[in-house]
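Numbering (UniProt numbering), first residue to last: 1 to 225. The beta-carbon is built from N, C-alpha and C at its ideal position, and this holds for glycine as well. Below is one structure; the comments refer to it alone.
Below, the structure is given as structure tokens:
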């Protein structure tokens, strides 16, 4: 049955307009993005097939161009559209931060970081740079790969802070394994960088570790800072 033959409250577009996007499933939201299905399948059915193929909406959104374009019902045009949507979302979120309140809530920091490193397949370390009032300046990724005392250089962290004239910083990295629990190496690295930043009178406010499915850990909340 075509979507046009469904009851109005069951059609994704009408459902979104009548009840809001939060009431739609992942498949329904994806169907609106796809706009049309394929022969024998509605857009919603195709969307569900794609979610099953990739494993989750998260995995679909993070697929590289080759993997994305090889899936039935997708292609380069859809890949370009999706990348544009994701970038618009990131810029919209960052615009609100630069004009809004101080960025001190770990949950808001974690949301920001999801746009930058939450989707990375490799461990990535970066800095959330803040001004004197703790307003957002920029996020700068610095290191990729296994993070330890040797791989993350304090001098590059300090140089980045000085280049942006930041007054405070939040350390951040992801755990591709999905578990945001800090390792001893994470704790040791945090203390070493905090000590280095203290020497130039820059506050290290937190270290956020991202996992999967929106999970994250704040070392400040755990009492490590």
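The residue among 76, 87, 64 and 204 with its C-alpha nearest the C-alpha of residue 132 is 204.
A distance below 8 Å separates the beta carbons of residue 154 and residue 192. Pairing residue 35 with residue 76, the inter-Cα distance amounts to about 15 Å. The beta carbon of residue 144 lies closer than 8 Å to those of 120, 122, 123, 124 and 125 in the same chain, with the five residues before and after it left out. Judged by beta-carbon spacing, residue 142 lies within the 8 Å limit of residue 160, meaning their Cβ atoms are closer than that value. By a beta-carbon distance limit of 8 Å, residue 134 contacts residue 168. Their separation comes to about 6 Å. The residue among 209, 85, 130 and 139 with its C-alpha nearest the C-alpha of residue 30 is 85. When DSSP states are grouped into helix, strand and coil, residue 35 belongs to the coil group. Fully contained in the stretch 136-224 are the following beta strand (DSSP E) runs of length 3 or more, in chain order: 136-144, 168-174, 203-210 and 216-218. When only Cα atoms are considered, residue 69 and residue 60 end up about 11 Å apart.
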